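Single-structure report; data block below.
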Amino acid sequence: MFASRTLQPNELIGIYTGFITRHPDDVEYAWEFNYLADVLDNDGEIVRTCIDGKYMGNYLRFANHRDANHNVNEIYAIYDDIWYVLYIAQEEIKSHEQVFVNYGQAYWENKQKYNFD
1 MFASRTLQPN ELIGIYTGFI TRHPDDVEYA WEFNYLADVL DNDGEIVRTC IDGKYMGNYL
61 RFANHRDANH NVNEIYAIYD DIWYVLYIAQ EEIKSHEQVF VNYGQAYWEN KQKYNFD
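According to UniProt numbering, the stretch in the sequence shown is residues 1 to 117, in order.
Printed below as a string of structure tokens:
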């Protein structure tokens with residue numbers, strides 16, 4: 001994914017969208033909410049809850065990974081009892097530069113666990 005215009009530091013790029021599910025079809029496109037806090041069902045049991053962007057979602061699902069020097073941070077936020085994943089520019093990103101996020105350690109652990117390429 002490439003910036004269509006120059007983005008300023010701390011600018012909101014967008015909200016990652018997709019299907020909110022407990023059973024993602026492909027964890028490669030899913031942001032898991034359990035990253036920061038446990039998500040509990042009505043019985044108080046921990047459930048795996050994700051935004052799965054594989055089949056539906058917006059352009060943010062196409063941002064590539066970079067460990068070092070990624071130029072976008074993802075921030076988990078709750079608004080009106082709904083979880084959101086926000087993409088925020090951490091530095092100036094010039095028009096036509098590639099947008100990179102750090103997928104995080106859980107992504108790579110799931111990649112091995114579920115064997116997706």
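We put the CB at the ideal spot given by N, CA and C, even for glycine. Remember, predicted model here, so these are calculated numbers, not experimental data.
From residue i to residue j, what distance separates their C-alpha atoms?
{"i": "Asn10", "j": "Ala89", "result": "5 Å"}
{"i": "Ala106", "j": "Arg48", "result": "13 Å"}
{"i": "Trp108", "j": "Tyr59", "result": "22 Å"}
{"i": "Thr21", "j": "Leu12", "result": "25 Å"}
{"i": "Arg66", "j": "Tyr103", "result": "8 Å"}
{"i": "Glu92", "j": "Asn42", "result": "43 Å"}
{"i": "Gly14", "j": "Val99", "result": "12 Å"}
{"i": "Leu7", "j": "Val72", "result": "10 Å"}
{"i": "Ile78", "j": "Ile51", "result": "13 Å"}
{"i": "Arg61", "j": "Gly44", "result": "31 Å"}
{"i": "Tyr16", "j": "Gln112", "result": "24 Å"}
{"i": "Lys94", "j": "Glu74", "result": "19 Å"}
{"i": "Val39", "j": "Ala63", "result": "26 Å"}
{"i": "Ile46", "j": "Arg5", "result": "41 Å"}
Terminal residues of the continuous beta strand (DSSP E) containing residue i?
{"i": "Ile75", "result": "72 to 79"}
{"i": "Phe2", "result": "Looking at the DSSP string, Phe2 is not in any beta strand (DSSP E), and its letter there is neither H nor E."}
{"i": "Tyr29", "result": "Tyr29 -> no beta strand (DSSP E), and no H or E assigned at all."}
{"i": "Phe62", "result": "Unbroken run through Phe62: none, as it is neither H nor E."}
{"i": "Thr21", "result": "19 to 21"}
{"i": "Tyr16", "result": "12 to 16"}
One question on the structure: do residue i and residue j come within less than 8 Å of each other, judged by their Cβ atoms?
{"i": "Ala3", "j": "His70", "result": "no"}
{"i": "Tyr87", "j": "Val101", "result": "yes"}
{"i": "Tyr55", "j": "Phe19", "result": "yes"}
{"i": "Ala30", "j": "Gly57", "result": "no"}
Looking at the structure shown, is residue i part of a helix, part of a strand, or coil, going by DSSP?
{"i": "Gln105", "result": "helix"}
{"i": "Gln90", "result": "coil"}
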